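Q:
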Amino acid sequence: TNAIVMNTGLPPGRPPSKGFMQWRQFAEKATDIPVSGGIALDVGPTAMTLWDAMAYDAPFPDARFKAGVHQFPLLVAITPEMDGAALTRPAAKWWRESFT
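In case it helps, my numbering puts the sequence shown at residues 26 to 125.
1) Spatial neighbours of H95 within its chain, please: C-beta separation below 8 Å, excluding the five flanking residues on both sides.
2) From the DSSP output, in three-state form, read off M107 for me.
3) Between the segment 107-124 and the segment 74-83, do at least 3 Cβ pairs fall closer than 8 Å?
4) Is the distance from the Cβ of V60 to the Cβ of K91 below 9 Å?
5) Taking D67 as part of the alpha helix (DSSP H), name the residues at either end of that continuous run.
6) Would you mind stating whether G109 and L99 have Cβ atoms separated by less than 9 Å?
Listed below in structure tokens is the structure:
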């Protein structure tokens, strides 16, 4: 069995990083999120071309198409009682201890 895990994490209900909380607060308050801008912050502005940015933005022509972009960071379990946190802890343990 093969698995590829990229740019992801398992939120076990613990406080996240300062950067994640800034992203979460921005997503909660912003009226329109520039998708390519968020990617550029992650990979670095010199790692992304104008064509790359246009490709990331293409599925989201305006704010009406960005409901998921706004909601995703709000769904990440950052406290133990949030939905999914209890399920994530054993999965994180498995990845940490059993996956090689």
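From the three backbone atoms N, C-alpha and C, an ideal C-beta is built for every residue, glycine too.
On a predicted model such as this, the values are computed, not experimentally measured, just so you know.
A: The short version:
1) A52, E53, A55, I58
2) coil
3) no
4) yes
5) For D67, the enclosing alpha helix (DSSP H) starts and ends at 60-68.
6) Against a cut-off of 9 Å, the Cβ pair of L99 and G109 comes out as no contact.
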